[in-house]
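Residue numbering for the sequence shown follows the working numbering, starting at 242 and increasing by one per position.
Quick reminder that beta carbons are idealized off the backbone N, C-alpha and C, glycines included.
Just so you know, these numbers come straight off a predicted model, no measurement behind them.
Structure, as structure tokens:
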Amino acid sequence: MARRPVVTIDGPAGAGKSTVSRTVAERLGFTYLDTGALYRAVALAAGDDAALAERIDAAPTTLELAGEIERRLAALALSLPLAFSDRGTRLAIGDRDVSAAIRSPEISQRASKISALPAVRAALLDQQRRIGAAGGVVAEGRDTGSVVFPDAEVKIFLTADVSERARRRAAELRARGIAAQDAAVQREIESRDARDAAREAAPLACPEGALVLDSSALPVDAVVGLVLDAVTTRQRS
Ligand code: DC
């Protein structure tokens, strides 16, 4: 039997990657790999050391985290017993379910900062590749099509207007009981996008050969349909 494909879905915060990736994975019976959740889990775990978390949160640029802090965070990333469950939608560190805790705006910013550190990225790479090694995976993130799975059979770059992304992300946070205003969320998203795209290590960028989809005016179902079409086309070729 032919190897099942790897599908990568990259793009900026709030473009709808999670909903689309989960739905596509479900429809295809593939594993869903939320790579951002891994960076978020490291950011959360760093909070167990209050002094360390404070240094990360207070750092105006990631350059100030290079060196000793980067080494500590990479060691932390390697040591965490991270485990996905529930079709990739829940994440635990050991027996602590962190699925909700990793979604706060504070952790979003910290995750964006620590994900700019090459040693942290390297520490999480093997784990991501292991999950996708046998194929049949839908991976979402910023570098899944460019760095993690450069040979992925189907690559998607999903984007949307920043105001639309902010509106969706704020609604998502409110639905989870976290207070959020569109304007504040837009500022938070803009600062994360700028950092994620400007960093030297695996910056957010459209991978070569990716199908670019703009979800600003497209409902989720339509985006899911386009991704499934791309998979079918690839499987026939
Ligand atoms: O997709 P997300 O919002 O959960 O990701 C959280 C942060 O992690 C994001 O600001 C950038 C970083 N990230 C990354 O650098 N590379 C990935 N493949 C996924 C996420």
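Taking Cβ positions, are Ala-421 and Ala-364 nearer each other than 8 Å? No. Outside cutoff.
Report the partner residues of Asp-338 according to the DSSP bridge assignment. Looking at the DSSP assignment, Asp-338 forms a beta bridge with Ala-333.
Measuring straight from C-alpha to C-alpha, what distance separates Phe-398 and Val-388? 14 Å
beta-carbon Ser-432 near the ligand DC non-hydrogen atom, thresh 7 Å: no
Apply the 10 Å Cβ neighbour rule to Gln-369 and answer buried if 16 or more other Cβ atoms are within range, or exposed otherwise. buried
Pro-253: which of Val-395, Phe-271 and Asp-402 sits nearest, CA to CA? Closest option to Pro-253, Cα to Cα, is Asp-402.
For the ligand DC, any of its heavy atoms closer than 7 Å to the Cβ of Ser-340? no
Enumerate in chain order the residues of its own chain whose CB-to-CB distance from Ser-353 is below 7 Å, with the five nearest sequence positions on each side excluded. Arg-433, Arg-436 and Asp-437
Go through its chain and collect everything with a Cβ distance to Ser-340's Cβ below 6 Å, but skip five positions before and after it. Arg-331 and Leu-332
I'd like the list of long-range same chain contacts for Gly-386, defined as Cβ closer than 7 Å, with 5 residues on each side in sequence excluded. Thr-249, Asp-251, Ala-393, Lys-396, Pro-448 and Ala-451
Which residues does DSSP pair with Glu-381 in a beta bridge? Ile-250 and Asp-275
With hydrogens ignored, establish whether the beta-carbon of Arg-281 is closer than 7 Å to any heavy atom of the ligand DC. The answer is yes for Arg-281.
Short Cβ contact (8 Å threshold) for Gly-308 with Arg-409: no
Any non-hydrogen atom of the ligand DC closer than 7 Å to Ser-345 Cβ: Flag unset: Cβ of Ser-345 not near the ligand DC.
I'd like to check one pair, Leu-454 with Ala-467: are the Cβ atoms closer than 8 Å? For the record, residue 467 in the displayed sequence is Leu; it is not Ala. Against a cut-off of 8 Å, the Cβ pair of Leu-454 and Leu-467 comes out as a contact.
C-alpha distance - Arg-234 paired with Val-283, whole-angstrom precision: Look at the range of the chain in this structure, 242 to 478, and you will see that residue 234 is not part of it.
Bounding residues of the beta strand (DSSP E) (the contiguous stretch that carries Val-388): Unbroken run through Val-388: none, as it is neither H nor E.
If we count the other Cβ atoms within 10 Å of its Cβ and call it buried at 16 or more, is Pro-460 buried or exposed? exposed
Tell me which residue opens and which closes the beta strand (DSSP E) that Asp-455 is part of. 452-455
Take Arg-383 and list the residues in its own chain whose beta-carbon comes closer than 6 Å to its own, dropping the five residues that flank it on each side. Asp-251, Asp-437 and Leu-445
Just curious, the alpha helix (DSSP H) that Ala-299 is in, first and last residue? First-last of the alpha helix (DSSP H) with Ala-299: 291-299.
Rounded separation between Glu-267 and Glu-413 - CA only: 20 Å
Element boundaries [beta strand (DSSP E), containing Leu-399]: 395-400
For a test of your reading of the model: does the CB of Arg-296 fall under 7 Å from any non-hydrogen atom of the ligand DC? Yes or no. no
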